[in-house]
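Here's the structure we're looking at; comments come further down.
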Amino acid sequence: FRMNGEAMIDAGIHSGDVLIVDRSIEPTSGKVVIATLNGEMLVRRLEKGFNYLRLVPATRKLAAIEVAPYCDFSVWGVVTYVIHQL
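Residue numbering for the sequence shown follows this note's numbering, beginning at 421 and increasing consecutively.
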């Protein structure tokens with residue numbers, strides 16, 4: 421998966437980086453995931469609580485996204501490695 425955007429810049433993931441994604445890993449709280457939300461693919465840190473689910477960017481320029489129960493949401497995979505171009 422190729423990163424497009426600056427949503428995870430403070431986590432060391434830059435636009436144009438290649439992300440290695442493992443679809444067999446359980447998406448737990450704190451993991452960086454590729455998620456689909458209402459038809460849009462997003463790279464964010466997953467935050468799960470007792471009765472909430474949130475997608476949190478690693479930049480102050482964007483706000484966290486609260487995932488409502490009625491949203492079309494799924495986690496496509498967990499990011500395991502990031503490849504930067506030199």
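For every residue, glycine included, the Cβ atom is placed at its ideal position computed from N, Cα and C.
Query, Result
"Separation of Lys451 from Gly469, as counted between CA atoms", "13 angstroms"
"Close Cβ partners of Glu486 (< 8 angstroms) along its chain, the five nearest in sequence each way excluded", "Tyr472, Leu473, Arg474"
"Rounded separation between Gly436 and His504 - CA only", "8 angstroms"
"Cross-strand partners of Gly497 (DSSP beta bridge)", "Ile454"
"Closer than 8 angstroms to chain B by CB, Val476", "No chain B is part of this structure, which consists of one protein chain only."
"Neighbourhood of Gly459 by C-beta, 8 angstroms cutoff - its chain only, sequence neighbours within 5 removed", "Asp492"
"Ala478 versus Ser444 - alpha carbon distance", "24 angstroms"
"Pairwise C-alpha distance: Glu446 and Ser494", "12 angstroms"
"DSSP-derived helix/strand/coil call for Ile503", "strand"
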